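**Student:** Those protein sequences? They're chains A and B, same order as listed.
So that you can map any letter, position 172 of the first sequence is 171 in numbering that gives the first Met the number 0, and since no number is skipped, the others follow by simple counting.
So that you can map any letter, position 604 of the second sequence is 603 in numbering that gives the first Met the number 0, and since no number is skipped, the others follow by simple counting.
Each residue gets a CB set at the ideal place from its N, CA and C atoms; glycine is no exception.
Please read all numbers here as calculations on a predicted model, not as lab measurements.
Below is the structure I would like to discuss, written out as structure tokens.
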Amino acid sequence: MKAAVIVFPGSNCDRDVQVSIEQSTGKPCAMIWHKETELPELDLIVIPGGFSYGDYLRSGAIAAHSPIMREVKARTDSGVAVLGICNGFHVLTETQLLPGILMRNAGLKFICRDVDLRVETTSSVFTQNYAKDQVIRIPIAHNDGNYFTDPDTLKMLEDEDRVAFRYCDAQGGINEAGNPNGSMSSIAGILNRRRNILGMMPHPERLADQLLGGIDGRPMFDGLVEALVA
Amino acid sequence: MSKITPEIVKEHGLTEDEYDKVLEIMGREPNITELGIFSVMWSEHCSYKSSKKWLKTLHTEEPWVICGPGENAGIVDIGDGQAAIFKMESHNHPSFIEPFQGAATGVGGIMRDIFTMGARPVANMNALRFGRPDHPKTKHLVNGVVAGIGSYGNCMGVPTVGGECEFDTSYDGNILVNAMTVGVADTEKIFYSAAAGEGYPLVYVGSRTGRDGIHGATMASAEFDDDTDEKRPTVQVGDPFTEKLVLEACLELMATDAIIGIQDMGAAGLTCSTFEMASKGGVGVEMDLDLVPKRAADMTAYELMLSESQERMVMVLKPGREEEARKIFEKWELNFAVVGRLTDTGRLVLKMGGEIVGDLPIDPLAEASPEYDRPWVATSKPAILDAADVPAPNDPCAALKRMIGSPNFAQKRWIWDQYDHMVMGDTVQRPGGDSAVVRVHGTPKGLAITTDCTPRYCYADPFEGGKQVVAEAWRNITAVGAKPLAITDCLNFGNPERPEIMGQFVGCIEGMGEACRTLEFPVVSGNVSFYNETRGEGIRPTPTIGGIGVLTDVAKAVSCAFSAADEDIVLIGETNGHLGRSAYLAEIEGRDEGAPPPVDLAIERRNGDAVRGMIDDGLVSACHDLSDGGVFVALAEMAMAGDMGAAIDAPDTGIALHAWLFGEDQARYLVTSRDAKTVLAKAAEAGVPASIIGRTGSDRLTVGQSLSISVSELKSAHEDWMPNFMSAP
Numbered sequence: 000m001k002a003a004v005i006v007f008p009g010s011n012c013d014r015d016v017q018v019s020i021e022q023s024t025g026k027p028c029a030m031i032w033h034k035e036t037e038l039p040e041l042d043l044i045v046i047p048g049g050f051s052y053g054d055y056l057r058s059g060a061i062a063a064h065s066p067i068m069r070e071v072k073a074r075t076d077s078g079v080a081v082l083g084i085c086n087g088f089h090v091l092t093e094t095q096l097l098p099g100i101l102m103r104n105a106g107l108k109f110i111c112r113d114v115d116l117r118v119e120t121t122s123s124v125f126t127q128n129y130a131k132d133q134v135i136r137i138p139i140a141h142n143d144g145n146y147f148t149d150p151d152t153l154k155m156l157e158d159e160d161r162v163a164f165r166y167c168d169a170q171g172g173i174n175e176a177g178n179p180n181g182s183m184s185s186i187a188g189i190l191n192r193r194r195n196i197l198g199m200m201p202h203p204e205r206l207a208d209q210l211l212g213g214i215d216g217r218p219m220f221d222g223l224v225e226a227l228v229a
Numbered sequence: 000m001s002k003i004t005p006e007i008v009k010e011h012g013l014t015e016d017e018y019d020k021v022l023e024i025m026g027r028e029p030n031i032t033e034l035g036i037f038s039v040m041w042s043e044h045c046s047y048k049s050s051k052k053w054l055k056t057l058h059t060e061e062p063w064v065i066c067g068p069g070e071n072a073g074i075v076d077i078g079d080g081q082a083a084i085f086k087m088e089s090h091n092h093p094s095f096i097e098p099f100q101g102a103a104t105g106v107g108g109i110m111r112d113i114f115t116m117g118a119r120p121v122a123n124m125n126a127l128r129f130g131r132p133d134h135p136k137t138k139h140l141v142n143g144v145v146a147g148i149g150s151y152g153n154c155m156g157v158p159t160v161g162g163e164c165e166f167d168t169s170y171d172g173n174i175l176v177n178a179m180t181v182g183v184a185d186t187e188k189i190f191y192s193a194a195a196g197e198g199y200p201l202v203y204v205g206s207r208t209g210r211d212g213i214h215g216a217t218m219a220s221a222e223f224d225d226d227t228d229e230k231r232p233t234v235q236v237g238d239p240f241t242e243k244l245v246l247e248a249c250l251e252l253m254a255t256d257a258i259i260g261i262q263d264m265g266a267a268g269l270t271c272s273t274f275e276m277a278s279k280g281g282v283g284v285e286m287d288l289d290l291v292p293k294r295a296a297d298m299t300a301y302e303l304m305l306s307e308s309q310e311r312m313v314m315v316l317k318p319g320r321e322e323e324a325r326k327i328f329e330k331w332e333l334n335f336a337v338v339g340r341l342t343d344t345g346r347l348v349l350k351m352g353g354e355i356v357g358d359l360p361i362d363p364l365a366e367a368s369p370e371y372d373r374p375w376v377a378t379s380k381p382a383i384l385d386a387a388d389v390p391a392p393n394d395p396c397a398a399l400k401r402m403i404g405s406p407n408f409a410q411k412r413w414i415w416d417q418y419d420h421m422v423m424g425d426t427v428q429r430p431g432g433d434s435a436v437v438r439v440h441g442t443p444k445g446l447a448i449t450t451d452c453t454p455r456y457c458y459a460d461p462f463e464g465g466k467q468v469v470a471e472a473w474r475n476i477t478a479v480g481a482k483p484l485a486i487t488d489c490l491n492f493g494n495p496e497r498p499e500i501m502g503q504f505v506g507c508i509e510g511m512g513e514a515c516r517t518l519e520f521p522v523v524s525g526n527v528s529f530y531n532e533t534r535g536e537g538i539r540p541t542p543t544i545g546g547i548g549v550l551t552d553v554a555k556a557v558s559c560a561f562s563a564a565d566e567d568i569v570l571i572g573e574t575n576g577h578l579g580r581s582a583y584l585a586e587i588e589g590r591d592e593g594a595p596p597p598v599d600l601a602i603e604r605r606n607g608d609a610v611r612g613m614i615d616d617g618l619v620s621a622c623h624d625l626s627d628g629g630v631f632v633a634l635a636e637m638a639m640a641g642d643m644g645a646a647i648d649a650p651d652t653g654i655a656l657h658a659w660l661f662g663e664d665q666a667r668y669l670v671t672s673r674d675a676k677t678v679l680a681k682a683a684e685a686g687v688p689a690s691i692i693g694r695t696g697s698d699r700l701t702v703g704q705s706l707s708i709s710v711s712e713l714k715s716a717h718e719d720w721m722p723n724f725m726s727a728p
């Protein structure tokens, strides 16, 4: 698998996800500056977490207009996998590669902690190595993770099996107690229709190393490597 | 030119004697810009005029120290050609006036100090002290400070991995916000601030200069009064996004060899940074203020020189390397301006509009900075409080529950949830333990980091308190298995012009110095914050210590959480049941009496070295140092962290039970082990008292036959206080 991470001014989880990818591929993962207009041949593009452009205006709004995003869009059209984590999810909604928006957390505070997620679909290159309804522990770290969309879009996401992860309690129950940020329908991550784009607020790269306290994020990267062997 | 009146001199915080010295150095009356420069350079904040004499007595050298006090931060060798660069700094006054921006810019400033020296910041810590919880301002200040710290560190992508938070009425009018940053650099790639090279370009990078924060350093060198709120305009506004860009651009440029010297602009901005660079390098500087990037076109020389706008750096480049550097800063969308040249005149010459607007001699100004031997009186030694004079509680479990649910013991998750503590992917031990542990990226090594202070002890007996502060930091680093390397100190005190306050300062420094020498735990950086007083009421003496240690194999680090059932719990160190100035006495009896526990540094060292050896040998599954609240609180903390109880044998020591449970004798640890026999043998070999006091298991913490409390009951008391407090109307 050939992977690259896009770096915007203010990205700060770029190195973290690079480490996780390299751990699974055993190969170098390229870093691409946002001002570039071309991408090398790739199987996976990651838009990392952080505070692109300081989250000024709206999280991800300015980065969505970076030159590289035109090329990212073109690649997704040709089927290349794109993973947007946290601020990367913001960028994907701002470019309308994914529907909906991410509002300020319901509690109006930044939240950094491990949360439980229920795997809602295994039918994607990102989630194939998990079991359906499996509860995994992945950290969140964001101000703006409160997913919102209109009822028709929500119904479409559900009908098309495009909700990848939901926040849940330790037993896998979907309820208010397990929802850290007020997201509609407890949504933590969604897929596009073609299922080659995943946007998610939690950080799978943060728990992919036992020394850091868990490895529930690792199957995502291992699964991508298996699915995208080039 | 405007005449400098005695009123103007006074407004600038200079005494008559100091102004006479200004006239002598200048050989004429200074203009207003020059007077402003003297004022900030000689402010307590920049000149350390009251503390210098005593700071010189601290222990600052050990073979692993690469750079001690005097630079932007301290540097220690962590092996394999790598160095840890770290410092703690106060931002107390601004945080009280405007908590969000005050705290945020404190964090921004300390990170700049670290990356100025070539290190990538890898961890932030903070030690916070607020007034009593029911003081009308406390909640507002907690909210603002925590949000401000989070906003800056989170955006920078540097994890905030731990710290401390205490509430005490002595901070009602002067909160303490002490922020620490640790960075890692290659020993071959460390940058210093000294300027050198006649004609070499002086370069300004980062944010534009605005009118914010003018005279911040002077503000931080005076007491608060009723007009404190009017000082809000002296607080700077932070832009962490720009600082993230400055960080990346600086590190990118530092990978080349274009930089001669570099200095961040902190307190007193352009003035302090150019003076320091020039003074250290023994050169002069000619600067054209027209070239300084500005936010407002009509800024005066006075404003430009004294602005404390954030996210700015100044550097001296090798000649001919300007374009290479410019390209890097432009890539990161930052200002870059050659604003001057180095000269051989030994003077700082400022030009604006083609005219000279300031001309000051550098060395005389720096060297003649006042140094005071302030009168001081030693704090009288309090009498030792006999444990027999402290009534036993009816129900020690209820007392324990009350203590761990009290503001100072309650879990601070409400705070650290707002800090990204995992970014950078190397946080091995998260907030809440004895020390935070971060892996040194790409290596098997780890750094253990802690901040500590027990103002209760320092107030009662500054000397013993000063010793204890250093000893506790050393112990916290030892408790995770790391070798303690060095400390940074952030010395928060009241008005040094009062002899009793100066006496507290002198006592603490002497105690710290002794502990640093015996524990081989030198001070490599720090800062002093005086005038933490409002209307004549000083804070408790609060010499906060930030300590770091190194683990050669980070996988060997242990935490304080009980990790398995049926393990023996071993108490290491000698227990005498010292209740004077204890948390028990304060929280349960509401008394603040007696002498603090004495610290025997030789025993501290012997016990700690033995514990570290046991951890390194893999004998220990959990370890916790004993401090506030003694054995019982430590057991509760281990139980809550591991979600597992323990059965403790009723002690048979001749010490009253409550003194045994809550006494704060120093140099002690609790460890758990599957092989207690070997632990006891190792302890005996080292001459360290050790005994098995119980076993892990069940969901209750019990002592003997009669005392029992469930871990979940303890947890709810411990976890609920802070969120309830903050959400209450």
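#1: With DSSP as the reference, identify every bridge partner of residue 311 of chain B, one or two as the case may be.
#2: My output table needs one value for residue 533 of chain B: the three-state DSSP class, helix, strand or coil.
#3: Taking the alpha helix (DSSP H) that residue 322 of chain B falls in, what are its first and last residues?
#4: Tell me, which residues are paired with residue 689 of chain B by DSSP?
#5: I'd like the list of long-range same chain contacts for residue 193 of chain B, defined as Cβ closer than 7 Å, with 5 residues on each side in sequence excluded.
#6: Pull up the distance between the alpha-carbon of residue 190 of chain A and that of residue 13 of chain A, whole angstroms please.
#7: Would you please verify whether the beta carbon of residue 15 of chain A is less than 9 Å from any beta carbon of chain B?
#8: With a cut-off of 8 Å on the beta carbons, I'd call residue 48 of chain B and residue 371 of chain B a contact; round off their distance for me.
#9: Suppose you measure from the CA of residue 147 of chain A to the CA of residue 197 of chain A; what does that come to, to the nearest Å?
#10: Determine, using beta carbons only, whether residue 687 of chain B and residue 621 of chain B come nearer to each other than 9 Å.
#11: Taking Cβ to Cβ, would you say residue 446 of chain B is nearer than 9 Å to residue 77 of chain B?
#12: Kindly indicate if chain B contains any beta-carbon less than 9 Å away from that of residue 28 of chain A.
#13: Select from A/30, A/67, A/82, A/17 the residue whose C-alpha is nearest the C-alpha of residue 188 of chain A.
#14: Given 8 Å as the limit, is there contact between the stretch 137-150 of chain B and the stretch 201-216 of chain B, that is, 3 or more CB pairs closer than that?
#15: Which residues bound the alpha helix (DSSP H) around residue 279 of chain B?
#16: Going along the stretch 100-118 of chain A in order, which residues come within less than 7 Å of chain B, judged by CB to CB distance?
#17: Distance, Cα to Cα, residue 122 of chain B vs residue 20 of chain B?
#18: So if I threshold CB-CB distances at 8 Å, which residues from the stretch 208-222 of chain A count as touching chain B?
#19: What does DSSP give as the partner residues of residue 458 of chain B in its beta bridges?
#20: What in chain A is Cβ-close to residue 154 of chain B, meaning under 9 Å?
#21: Using DSSP with H/G/I as helix, E/B as strand and the rest coil, what is residue 0 of chain B?
#22: I'd like to know whether the C-beta of residue 425 of chain B is nearer than 9 Å to at least one C-beta of chain A.
#23: How big is the Cα-Cα spacing for residue 485 of chain B and residue 87 of chain B?
#24: Who are the near neighbours of residue 709 of chain B in its chain, counting only those whose CB is closer than 7 Å to its CB and skipping five residues on each side?
#25: Leaving aside the five residues before and after residue 716 of chain B along the sequence, list all residues of the same chain whose C-beta is less than 7 Å from its C-beta, in chain order.
#26: Scan the stretch 10-66 of chain B and note each continuous alpha helix (DSSP H) run of 4 residues or more that stays entirely inside, going in chain order.
#27: Following the continuous beta strand (DSSP E) through residue 189 of chain B, name the residue where it begins and the one where it ends.
#28: What residues match up with residue 420 of chain B in a beta bridge as DSSP calls it?
#29: Pull up the distance between the alpha-carbon of residue 656 of chain B and that of residue 136 of chain A, whole angstroms please.
#30: Name the DSSP beta bridge partners of residue 161 of chain A, please?
#31: Name the chain A residues whose beta carbon is nearer than 8 Å to that of residue 730 of chain B?
#32: If you follow the beta strand (DSSP E) that residue 146 of chain A is in, where does it begin and where does it stop?
#33: Do residue 43 of chain A and residue 223 of chain A have their beta-carbon atoms positioned less than 9 Å apart in this structure?
#34: Using beta-carbon positions only, say whether residue 258 of chain A and residue 174 of chain A come within less than 9 Å of one another.
#35: Please classify residue 100 of chain B: is it buried, with 16 or more other beta-carbons within 10 angstroms of its beta-carbon, or exposed?
#36: Could you tell me the alpha carbon to alpha carbon distance between residue 0 of chain B and residue 297 of chain B, rounded to whole angstroms?
**Tutor:** So, from the data block:
#1: According to the DSSP secondary-structure assignment, residue 311 of chain B is paired through a beta bridge with B/205.
#2: In the displayed model, residue 533 of chain B falls within a strand according to three-state DSSP.
#3: 321-330 is the extent of the alpha helix (DSSP H) around residue 322 of chain B.
#4: Under DSSP, residue 689 of chain B shares a beta bridge with B/571.
#5: Taking C-beta separations shorter than 7 Å and ignoring five residues to either side along the sequence, the partners of residue 193 of chain B in its chain run 260, 276, 279, 280, following chain order.
#6: Rounded to the nearest whole angstrom, the C-alpha separation of residue 190 of chain A and residue 13 of chain A is 21 Å.
#7: With 9 Å as the cut-off, residue 15 of chain A counts as an interface residue toward chain B.
#8: Their Cβ separation, rounded to whole angstroms, is 5 Å, which keeps residue 48 of chain B and residue 371 of chain B in contact under 8 Å.
#9: Near 16 Å, if we compare the C-alpha coordinates of residue 197 of chain A and residue 147 of chain A.
#10: No; because the gap between Cβ atoms is not below 9 Å, this pair is not in contact.
#11: Taking C-beta atoms as the reference points, residue 446 of chain B and residue 77 of chain B count as a pair closer than 9 Å.
#12: It does not; no Cβ of chain B falls within 9 Å.
#13: Measuring from the Cα of residue 188 of chain A, the nearest candidate turns out to be A/82.
#14: These segments do not touch.
#15: Looking at the DSSP string, the run of the alpha helix (DSSP H) that includes residue 279 of chain B is 268-280.
#16: So the list reads 108, 109, 110, 111, 112, given in the order they occur along the chain.
#17: Straight-line Cα distance between these residues: approximately 43 Å.
#18: The residues in question are 208, 210, 211, 212.
#19: Bridge partners of residue 458 of chain B: none, in fact.
#20: Within 9 Å Cβ-Cβ: 9, 11, 49, 50, 53, 54.
#21: Caution applies to residue 0 of chain B, whose pLDDT of 48 falls short of 50 and renders its modelled position unreliable; the value that the coordinates give is listed next. Residue 0 of chain B: coil per DSSP, three-state reduction.
#22: Yes, contact with chain A.
#23: Going from the Cα of residue 485 of chain B to the Cα of residue 87 of chain B covers about 12 Å.
#24: Excluding sequence neighbours, residue 709 of chain B sits near 698, 699.
#25: Around residue 716 of chain B: 400, 403, 404.
#26: Here the runs fully enclosed are 15-25, 31-40, 43-46, 51-54.
#27: In the DSSP assignment, residue 189 of chain B falls outside any beta strand (DSSP E), carrying neither H nor E.
#28: Within the DSSP secondary-structure output, residue 420 of chain B pairs in no beta bridge.
#29: Cα atoms of residue 656 of chain B and residue 136 of chain A: separation of roughly 42 Å, rounded to the nearest angstrom.
#30: DSSP output for residue 161 of chain A lists no bridge partner at all.
#31: Residue 730 of chain B lies beyond the stretch modelled for chain B, which goes from 0 to 728, so this question has no answer here.
#32: Where residue 146 of chain A is concerned, the enclosing beta strand (DSSP E) stretches over 145-147.
#33: For residue 223 of chain A and residue 43 of chain A, yes; Cβs fall inside 9 Å.
#34: It is not possible to answer for residue 258 of chain A, since the shown part of chain A is limited to 0 through 229.
#35: Label assigned to residue 100 of chain B: buried.
#36: At residue 0 of chain B the pLDDT is 48, less than 50, meaning the model places this residue with poor confidence; the figure from the coordinates comes in the next sentence. In a straight line, the C-alpha of residue 0 of chain B is about 18 Å away from that of residue 297 of chain B.
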